[in-house]
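Same order as they appear, the protein sequences are chains W and Z.
Using the working numbering, you'd call the opening residue of the first sequence number 437 and step up by one each time.
Using the working numbering, you'd call the opening residue of the second sequence number 15 and step up by one each time.
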Amino acid sequence: MTTETATPTPEPPEAGERPDKRPPFMVLFGRYLTEANSVMVTVYSLLLAFLIGAILLIVSDETVRGTWSYFFSRPTDALEASWQVVSNSYRALFEGAILNFNTIDRMAAGTAEIGDLLRPISQTLTYATPLIFTGLAVGLAFRAGLFNIGAQGQMIFGMIGALIVGFSLNLPAILHLPLAVLAGAVAGAAFGAVPGVLKATTGAHEVISSIMLNNIAGLFLVWAIGTSFMHSETRSELVTKPVEDSASLPLLLGFVDDGLRVNLALLIGVAAAVFVWWLLSKSTFGYRIRAVGFNEHASSTAGMNIGRTYVTTMSVAGGLAGLAGAALTLGVGSGGITTNTALEYGFDGITVALLGRANPGGIIAAALLFGALKAGALDAQPDVPVDMSTLLQATIVLFIAAPALVKAILRLRAPRGGLVTLEAKGW
Amino acid sequence: MATDTQATAPAHVDERAVVRHLKAGIVYAAIGVLLAAGALAFLGGDRETVFTLDRTLTDASWTLPTLPTVIAMAAVVAACGAWMLLGLRRGLFKLASAIAVAAIVFALISWSVSEPGMVFRAESILAGAVFLSLPFIFGALSGVVCERSGVINIGIEGQFLMGAFTGVLVANITGNVYAGMLGAMLAGALTTMLLAMLSTKYQVNQVVVGVILNLLALGFTSFMYDQLKKTEGYNSAYGVPSNALDGIGLGFLADIPLVGPVLFAQNIFVYVGLVAVFVVWFLLFRTRWGLRTRSVGEHPAAADSMGVAVNRLRFWNVTAAGLVSGFGGAFFTLANSLAFTKNMTAGLGFVALAVMIVGRWNPLGVLAGALIFGFASQMAEYLDVAGNSIVPGPFLQMLPYVVTLVVVAGLIGRAKAPAADGVPYNPGDK
Numbered sequence: 437m438t439t440e441t442a443t444p445t446p447e448p449p450e451a452g453e454r455p456d457k458r459p460p461f462m463v464l465f466g467r468y469l470t471e472a473n474s475v476m477v478t479v480y481s482l483l484l485a486f487l488i489g490a491i492l493l494i495v496s497d498e499t500v501r502g503t504w505s506y507f508f509s510r511p512t513d514a515l516e517a518s519w520q521v522v523s524n525s526y527r528a529l530f531e532g533a534i535l536n537f538n539t540i541d542r543m544a545a546g547t548a549e550i551g552d553l554l555r556p557i558s559q560t561l562t563y564a565t566p567l568i569f570t571g572l573a574v575g576l577a578f579r580a581g582l583f584n585i586g587a588q589g590q591m592i593f594g595m596i597g598a599l600i601v602g603f604s605l606n607l608p609a610i611l612h613l614p615l616a617v618l619a620g621a622v623a624g625a626a627f628g629a630v631p632g633v634l635k636a637t638t639g640a641h642e643v644i645s646s647i648m649l650n651n652i653a654g655l656f657l658v659w660a661i662g663t664s665f666m667h668s669e670t671r672s673e674l675v676t677k678p679v680e681d682s683a684s685l686p687l688l689l690g691f692v693d694d695g696l697r698v699n700l701a702l703l704i705g706v707a708a709a710v711f712v713w714w715l716l717s718k719s720t721f722g723y724r725i726r727a728v729g730f731n732e733h734a735s736s737t738a739g740m741n742i743g744r745t746y747v748t749t750m751s752v753a754g755g756l757a758g759l760a761g762a763a764l765t766l767g768v769g770s771g772g773i774t775t776n777t778a779l780e781y782g783f784d785g786i787t788v789a790l791l792g793r794a795n796p797g798g799i800i801a802a803a804l805l806f807g808a809l810k811a812g813a814l815d816a817q818p819d820v821p822v823d824m825s826t827l828l829q830a831t832i833v834l835f836i837a838a839p840a841l842v843k844a845i846l847r848l849r850a851p852r853g854g855l856v857t858l859e860a861k862g863w
Numbered sequence: 015m016a017t018d019t020q021a022t023a024p025a026h027v028d029e030r031a032v033v034r035h036l037k038a039g040i041v042y043a044a045i046g047v048l049l050a051a052g053a054l055a056f057l058g059g060d061r062e063t064v065f066t067l068d069r070t071l072t073d074a075s076w077t078l079p080t081l082p083t084v085i086a087m088a089a090v091v092a093a094c095g096a097w098m099l100l101g102l103r104r105g106l107f108k109l110a111s112a113i114a115v116a117a118i119v120f121a122l123i124s125w126s127v128s129e130p131g132m133v134f135r136a137e138s139i140l141a142g143a144v145f146l147s148l149p150f151i152f153g154a155l156s157g158v159v160c161e162r163s164g165v166i167n168i169g170i171e172g173q174f175l176m177g178a179f180t181g182v183l184v185a186n187i188t189g190n191v192y193a194g195m196l197g198a199m200l201a202g203a204l205t206t207m208l209l210a211m212l213s214t215k216y217q218v219n220q221v222v223v224g225v226i227l228n229l230l231a232l233g234f235t236s237f238m239y240d241q242l243k244k245t246e247g248y249n250s251a252y253g254v255p256s257n258a259l260d261g262i263g264l265g266f267l268a269d270i271p272l273v274g275p276v277l278f279a280q281n282i283f284v285y286v287g288l289v290a291v292f293v294v295w296f297l298l299f300r301t302r303w304g305l306r307t308r309s310v311g312e313h314p315a316a317a318d319s320m321g322v323a324v325n326r327l328r329f330w331n332v333t334a335a336g337l338v339s340g341f342g343g344a345f346f347t348l349a350n351s352l353a354f355t356k357n358m359t360a361g362l363g364f365v366a367l368a369v370m371i372v373g374r375w376n377p378l379g380v381l382a383g384a385l386i387f388g389f390a391s392q393m394a395e396y397l398d399v400a401g402n403s404i405v406p407g408p409f410l411q412m413l414p415y416v417v418t419l420v421v422v423a424g425l426i427g428r429a430k431a432p433a434a435d436g437v438p439y440n441p442g443d444k
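Here you go:
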């Protein structure tokens, strides 16, 4: 859970009230910048991670390493080559994720259309969509003190559930699509409940059981795709039947360009985030989740059923991850799903939830950032290794999870109320 | 965290033991009946199970008629179940369970190997089981050292990846496989050093950081893999000699039936692994360092008041444990003569954690647990390669994970972790 050890931010200077005793705005702002509060820790984590990424790009590049070997005779070569490789890589990430400057030029020349300009953003949103769901799945469990690293497996079962309803039924879209989405959520919830039940009844730690279930789900998917029930009737490789058009998620920007893949699932994701926010802060169930996460013994004494809270929290989390699976399956268009469709959205959900500090709003922002990284890294291949995004994500959240490290590296001042840290329980 | 439940556990032991007997009895009796019924329904009377010693005495073979064997084993299982239902002395419960489980395993093996053309190559399979238990041995030993000193090491998977990657990289650059092993150990130690620093100096949550370190190792090795594959000669397969004892004139030991191929004709990783188990056991339970380590993991405040520098000891123990898990990582590349591939450890680092729990945080228990897991993996692989028709391949590959799940669910409540496991120690908090 996130112990939101409240970090009161320094109050903004307000005019009128004893202005003579208040330090000027710039001083306060400077103090804010050098303090290890949660906002600045996030900012510095991002900067440090990109710095480390840059160093790795330099070290691992063959030609750049060559120029460093004669650094003392001609240092400009090494510095120039290093700058080249780093700026090219990060520029490629940016162009693949947000805005490609070449497209603007091509538009001016009349060889590109508005759809081409929007494509990077559309890709970012497309990759961010499943991350919103899996991030919520991990984040919600975090609030109950559970470390749900099983989002990957829950998502895979969501994919299977949505797929089966998607291709086997023949209904009008108004019924078929919601039903398929619901099937994904239900399948994910059922699979997600397993680590919860195991923890409640036997005390098995959810980290180990959900990792094992991830592996089991992955292998199950391999098997399921090969069965005659699910395997594509027209293609020989490992791919499933496509879902019916009536169960496909409509494109949001289809009226601009058919190639813009961002679809309705993005809006469902935002709705899910709002739902989780409501659940956590306005409902009795959410109160129970937070209470158990904050102190399970006190909650137990207060009459809450800890085991049942674990099970229900994990099912809701599983359901959210299942929605990610539904979004993937129902959003691929005319092709079926393969063993690669899941990518690592489930594992990325962990980093999204950590960066978003298990808050629905933060999770959306983190999902957008990591979606952009993913879109950029996939677009920039082979110039930038595709795992650049995983590396950057892991580095960012390492700093987020260890604010004391950021504080020590940059010699920041301790904020009032202490550092914001994330907690999960041991055995 | 689990300390509170364990403190109250002894009061329930008597009551629960009786209940377990009833449950277990019903389960075993049911398994026995199902097994016999299944055998009668699906197993042809002409099936035979052949056991051979395939490396030393190649002529020797034993043939059992499968159907009667399976039914006899089913009868044993059912009898054990009935014995538990009728009641037995508490000391005998473990024995009855062990007999029943062994009978189930033997019945399943006889059944699955009875496909026409299949033979149970006892020596190859057992040797393979020992070999495949190695990642679990190294990973779990690393976990034992960390957790005995009070730090949860959930990042074994990441140390494996770093070891696997660095091992093959260093071996390629230096042209020396032993340098590669050393490199793997250092890479593992550097990874755990980060965990050690974060969990002692910065007191962060060890489970969260462990999972992040796994992701970081995955991202780092995959990134470097992509970068280095642009140039030849950094990630070529680099193997160790297949039998380390060949060179030192102990070859005659390898000719002993059954024992020889299993213990004396293996590559160097097996010997290091077996020795490491006993070394770690000796260090933990027979030396001053071991006593201090265990006290730091059980009651750091008491250790501190006796003059042990808790966080410093934890730091160096966790760092040293990385040497072991890093070496375990080299298993995936060097011991198997494979080049590095992305995420090649496939979750086995977490299985190693389960092995540590099965072994009850004791190196000797770890060895036993690892051998069971190694055997399960080897059987799955053997049946998968042999084209077994009963169970689809993906389900066979699930076996180690399913066993882990069952073991963790069945044992963790009863296996007792070191009391201060995962709790950062801050001298000022006393």
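Each residue gets a CB set at the ideal place from its N, CA and C atoms; glycine is no exception.
No experiment lies behind these values; they were computed from the predicted model shown.
Neighbouring residues, chain Z, relative to residue i (Cβ below 7 Å)
{"i": "residue 659/W", "result": "406, 408 and 409"}
{"i": "residue 655/W", "result": "408, 411 and 412"}
{"i": "residue 823/W", "result": "233, 236, 237 and 240"}
Where residue i meets chain W, residues with beta-carbon distance less than 9 Å
{"i": "residue 41/Z", "result": "Ordered by position in chain W, no residue passes the 9 Å Cβ test against residue 41/Z, which lies about 15 Å from the chain."}
{"i": "residue 245/Z", "result": "498"}
{"i": "residue 285/Z", "result": "Neighbours of residue 285/Z on chain W: none; closest Cβ ~30 Å, over 9 Å."}
Range of the contiguous beta strand (DSSP E) that encloses residue i
{"i": "residue 63/Z", "result": "62-66"}
{"i": "residue 77/Z", "result": "75-79"}
For residue i, the first and last residue of its enclosing alpha helix (DSSP H)
{"i": "residue 238/Z", "result": "220-242"}
{"i": "residue 843/W", "result": "839-846"}
{"i": "residue 246/Z", "result": "Premise fails: residue 246/Z is in no alpha helix (DSSP H) and is neither H nor E."}
{"i": "residue 733/W", "result": "732-737"}
{"i": "residue 642/W", "result": "642-662"}
{"i": "residue 791/W", "result": "781-791"}
{"i": "residue 750/W", "result": "742-766"}
{"i": "residue 540/W", "result": "537-544"}
{"i": "residue 566/W", "result": "550-579"}
{"i": "residue 331/Z", "result": "324-344"}
{"i": "residue 396/Z", "result": "377-399"}
{"i": "residue 676/W", "result": "Element bounds for residue 676/W: n/a, residue is neither H nor E."}
{"i": "residue 796/W", "result": "796-815"}
Sequence-distant residues of its chain with Cβ nearer than 6 Å to residue i (five each side left out)
{"i": "residue 847/W", "result": "none"}
{"i": "residue 628/W", "result": "590, 750, 751, 753 and 754"}
{"i": "residue 421/Z", "result": "368 and 372"}
{"i": "residue 257/Z", "result": "279"}
{"i": "residue 484/W", "result": "835"}
{"i": "residue 613/W", "result": "683"}
{"i": "residue 29/Z", "result": "Any reading at residue 29/Z needs caution, since the residue's pLDDT is 42, under 50, leaving its predicted position unreliable; the model's value is listed next. Result list for residue 29/Z: empty, nothing under 6 Å."}
Partner residues on chain W for residue i, Cβ-Cβ distance less than 7 Å
{"i": "residue 226/Z", "result": "830, 833, 834 and 837"}
Own chain partners of residue i with C-beta closer than 7 Å, once the 5 adjacent residues on each side are dropped
{"i": "residue 598/W", "result": "616, 617, 619, 620, 761, 762, 765 and 766"}
{"i": "residue 146/Z", "result": "388, 391 and 392"}
{"i": "residue 65/Z", "result": "75, 76, 134 and 136"}
Cross-chain neighbours of residue i in chain Z, by beta carbon under 9 Å
{"i": "residue 840/W", "result": "212, 215, 216, 217 and 218"}
{"i": "residue 811/W", "result": "Correct list: empty, because the minimum Cβ distance to chain Z is about 17 Å."}
Residues that residue i contacts on chain W, provided the C-beta gap is smaller than 8 Å
{"i": "residue 229/Z", "result": "783, 786, 787, 826, 829, 830 and 833"}
Original post:
Using 8 Å as the threshold, is the stretch 710-723 of chain W in touch with the stretch 583-602 of chain W, meaning 3 or more CB pairs across them?
Top reply: no
**OP:** Could you tell me whether the stretch 222-235 of chain Z touches the stretch 163-177 of chain Z, where touching means 3 or more Cβ pairs closer than 8 Å?
**Re:** yes
Original post:
Which runs of the alpha helix (DSSP H) fall wholly inside the stretch 489-531 of chain W and span at least 4 residues, in chain order?
Top reply: 498-504
**OP:** Please specify which runs of the alpha helix (DSSP H), each continuous and at least 4 residues long, are wholly inside the stretch 142-193 of chain Z, giving them in chain order.
**Re:** 148-162 and 170-188
Subject >> Stretch-stretch touch, CB-based, cutoff 8 Å, three pairs: the stretch 289-304 of chain Z with the stretch 139-150 of chain Z >> reply: no
Original post:
Hey, is the stretch 294-307 of chain Z in contact with the stretch 360-377 of chain Z, meaning 3+ C-beta pairs nearer than 8 Å?
Top reply: yes
Original post:
Which parts of the stretch 583-643 of chain W are runs of the alpha helix (DSSP H), unbroken and 4 residues or longer, counting only runs that do not cross its ends?
Top reply: 587-604 and 609-638
**OP:** Say whether the stretch 199-219 of chain Z touches the stretch 827-841 of chain W, bearing in mind that this needs 3 or more beta-carbon pairs closer than 8 Å, one atom from each stretch.
**Re:** yes
Original post:
Do the stretch 801-811 of chain W and the stretch 822-829 of chain W make contact, defined as three or more Cβ pairs closer than 8 Å?
Top reply: yes
Original post:
Just checking, does the stretch 307-319 of chain Z make contact with the stretch 434-444 of chain Z on the three C-beta pairs under 8 Å criterion?
Top reply: yes
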